[in-house]
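One structure below.
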Amino acid sequence: MIKFFPSSFKNRIAFNYIVSGSILIALVFLFIYKIVEYSVNQHVNEEVEEELYKHLDDVTIDSNDTYLIHVDQWRAREHNSISVNPVFVEFYDDHKLLIDRSPNLKNAELKLFDDSYNDKFLNSKLNGIPIRQIQTPILFEGKTVGYVVVAMSLEDFEIVSILKNILVISFPIIVILLFLFARFFAGKSIKPVSTIIETSSQITKDNLQTRIPLPVNKDELYILSENINNLLDRIENAVLREKQFTSDASHELRTPLAVIKGTLEVLIRKPRTSEQYNEKINYCIKEVDRINNLVDQLLLLARFENQKHNIKSEEVYLDALVLDTVSLFSNQLKEKDITIKTNLQQDCILKSDSYLLSIVFNNLISNSIKYSNNGGKIDLNLKAEANQFLFVINDNGVGISKEDLDKIFISFYRSNPASHPEIKGTGIGLSIVKRLCDLLKIEITIKSTLEKGTAVTLTFNKSNPK
């Protein structure tokens with residue numbers, strides 16, 4: 238197929254269509270031809286057979302000799318013309334010698350075949366004219382005493398040959414027309430594919446905004462175009478997030494490095510007291526710790542962004558995990574004189590990844606402590622409801638404005654940091670929490686009122702509790 242036709246999708250569709258169509262048309266033509274041929278032959282056979290039986294009645298046998306009854310009358314009434322549907326008749330004796338023939342034969346003679354062809358219809362020729370004939374023996378007391386041969390011209394039945402010629406000539410014409418029509422309609426059918434190819438060739442890393450026009454008909458090509466557009470949306474969003482992430486990460490890393498560099502440059506300009514050296518060095522150490530923490534969080538976020546199925550499934554006691562996490566912040570709680578009140582229902586057990594859950598709890602409790610005022614209170618509540626567990630963290634800290642609530646899960650986003658410069662952070666913690674909640678199928682909701690506090694709710698599906 239590829240050798241004779243261009244390997245375009247349109248030509249392949251047209252070629253496959255005409256192959257199947259040609260086979261079907263050929264079978265239909267053959268069926269029509271055979272039906273007509275059979276009908277014509279059957280009609281001729283019936284007429285020849287009728288003539289045969291009629292002429293057998295004209296034969297009489299006397300003393301083993303074969304005679305025609307009223308020969309003159311038979312010759313007068315029978316077959317004087319060869320122009321109108323002629324029927325030819327011959328009579329032979331038992332030695333296959335001609336007794337008599339119809340006048341329309343004149344000097345011509347029908348062929349008498351051997352006895353194996355008795356009572357069989359045969360196609361032959363008489364002076365170049367196609368005929369249909371049959372021969373039958375004349376029997377007397379079980380012995381063959383002669384033969385009758387009846388033939389009919391087939392010239393008037395050339396409709397079969399004409400039909401054959403018509404079918405043979407029309408077949409390639411129909412096939413060619415079929416190919417042209419099939420190619421035309423195939424071209425119209427795959428026009429959306431050409432549009433997809435043309436549009437997709439315009440989409441590059443610098444041009445991710447172009448989308449494929451959706452076809453009018455909502456068929457498979459419509460679904461394909463829609464899915465490709467959705468894929469392009471996801472790719473564009475991923476590229477934009479990567480650019481934003483790279484920009485924010487470089488900014489967050491440059492800031493503490495610039496601070497450290499500036500501090501050290503000031504420090505070496507002139508001799509300082511040991512107290513001043515200690516103060517500046519300790520400040521630089523804190524900035525290094527901040528950079529180290531930022532790098533750890535960036536690596537953690539990158540790891541979870543690429544994580545798909547590498548999640549453990551193990552028994553997790555939520556109340557114990559919460560208490561273990563709280564114990565890690567005992568120093569910070571004492572330093573800010575924050576009181577934590579726990580109301581944790583026991584036996585809240587589910588199948589999940591305890592390590593990833595501990596990261597979620599760690600980030601949320603850390604944020605709650607970080608953004609709580611000195612002497613503040615934090616309530617931790619865990620309870621079972623219907624088919625789920627609810628874990629709620631309430632604090633009376635600085636809160637989040639309504640405008641910022643929709644943005645807090647964006648990497649490096651911090652809600653109004655200028656209002657609280659003493660609170661250090663990277664803006665990555667909640668991004669990690671959101672990603673982990675998506676991986677672990679945990680629903681997270683945050684409600685907050687500025688200067689009044691924040692409530693974070695985690696909803697766990699306990700469809701497979703232990």
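First residue of the sequence shown? That's 238 in this note's numbering, and the numbers climb one at a time after it. Think of the CB as a built atom: it goes at the ideal place given N, C-alpha and C, for glycine as much as any other residue.
Beta-carbon spacing of residue 629, residue 594 below 8 Å:
no
Can you list, in chain order, the residues of its chain with a C-beta nearer than 7 Å to that of residue 251? Leave out the 5 residues immediately preceding and following it.
416, 419, 420 and 423
Quick test of your reading: residue 524 and residue 497, contact by CB under 8 Å. State the CB separation rounded to the nearest angstrom.
5 Å
Could you round the C-beta distance between residue 683 and residue 642 to whole angstroms and report it? I think they count as a contact, below 8 Å.
7 Å
Closest by CA to residue 429, which one among 442, 441 and 462?
462
Determine, using beta carbons only, whether residue 566 and residue 596 come nearer to each other than 8 Å.
No, Cβ-Cβ distance for residue 566 and residue 596 is not below 8 Å.
Measuring only the C-alpha atoms, how far is residue 555 from residue 580?
Between residue 555 and residue 580, the C-alpha separation is close to 12 Å.
Would you mind giving the Cβ-Cβ distance between residue 389 and residue 285, rounded to the nearest angstrom? I have them listed as a contact below 8 Å.
5 Å
Going along the chain, which residues of its own chain have a beta-carbon closer than 7 Å to the beta-carbon of residue 292, five neighbours each way excluded?
For residue 292, where only same-chain residues beyond five positions count, the Cβ hits under 7 Å are 326, 385 and 387.
Near residue 247, what residues of its chain come up, given a Cβ to Cβ distance below 7 Å and the 5 sequence neighbours on each side ignored?
420, 423, 424 and 427.
Sorted by chain position, which residues of the same chain lie with C-beta nearer than 7 Å to residue 452's C-beta, five sequence neighbours on each side aside?
429, 458, 459 and 462
Does the segment 376–384 come into contact with the segment 274–285, if we say contact requires no fewer than three beta-carbon pairs (one atom in each stretch) closer than 8 Å?
Because the criterion of three Cβ pairs below 8 Å is not met, the segment 376–384 and the segment 274–285 do not touch.
Taking just the CA atoms, how far does residue 329 sit from residue 337?
7 Å
For residue 551, which beta-bridge partners are listed by DSSP?
For residue 551, which the question treats as bridged, DSSP gives the partners 589.
Identify whether residue 529 lies in helix, strand or coil by the three-state DSSP scheme.
helix
Quick one: give me the first and last residue of the alpha helix (DSSP H) that residue 428 is part of.
428–439
For residue 191, which residues in the same chain have their Cβ closer than 7 Å to its Cβ, ignoring the five residues on either side in sequence?
Past the edges of the chain, shown from 238 to 703, lies residue 191, and the structure says nothing about it.
Our contact map puts residue 569 next to residue 606 with C-beta atoms below 8 Å; I'd like the distance itself, whole angstroms only.
Residue 569 to residue 606, Cβ: 5 Å. Contact.
Using the Cα positions of residue 448 and residue 501, report the straight-line distance between them to the nearest angstrom.
52 Å
Using DSSP's beta-bridge definition, name the partner residues of residue 628.
619 and 695
What residues in its chain sit with their C-beta under 7 Å from that of residue 673, if we drop five residues either side in the sequence?
541, 593, 596 and 597
Are the beta-carbon atoms of residue 588 and residue 550 separated by less than 8 Å?
Yes, Cβ-Cβ distance for residue 588 and residue 550 is below 8 Å.
Can you tell me whether residue 444 is buried or exposed? The criterion is at least 16 other CB atoms within 10 Å of its CB, across all chains shown.
exposed
Hey, how far is the Cα of residue 319 from the Cα of residue 368?
Below a pLDDT of 50, predicted positions are generally treated as unreliable, and residue 319, at 46, falls in that range; no measurement from the model is reported.
Any idea if residue 691 is buried or exposed, counting beta-carbon neighbours within 10 angstroms, 16 or more meaning buried?
buried
Residues bridged to residue 561 (per DSSP)
Residue 561 pairs with nothing; no bridge assigned.
Which partner residues does residue 356 have in the DSSP bridge list?
The partner list for residue 356 (beta bridge, DSSP) is empty, contrary to what the question assumes.
What span of residues does the beta strand (DSSP E) with residue 388 cover, start to end?
380–390
Using 8 Å as the threshold, is the C-beta distance between residue 704 and residue 610 below it?
Outside the displayed span of the chain (238 to 703) sits residue 704, for which this structure offers no information.
Spatial neighbours of residue 264 within its chain, please: CB distance less than 7 Å, with the 5 preceding and 5 following residues excluded, ordered by chain position.
none
Among 323, 346 and 331, which residue has its Cα nearest to the Cα of residue 394?
323
With DSSP as the reference, please indicate the residues paired to residue 608 in a beta bridge.
Paired residue(s): none; residue 608 is not in a bridge.
Using DSSP with H/G/I as helix, E/B as strand and the rest coil, what is residue 683?
strand
Beta-bridge partners of residue 329, as assigned by DSSP:
Answer is 335 and 384, bridged to residue 329.
Under the three-state reduction of DSSP, which class applies to residue 343: helix, strand or coil?
coil
Just reading off the alpha helix (DSSP H) that residue 569 is part of, what are its end residues?
567–572
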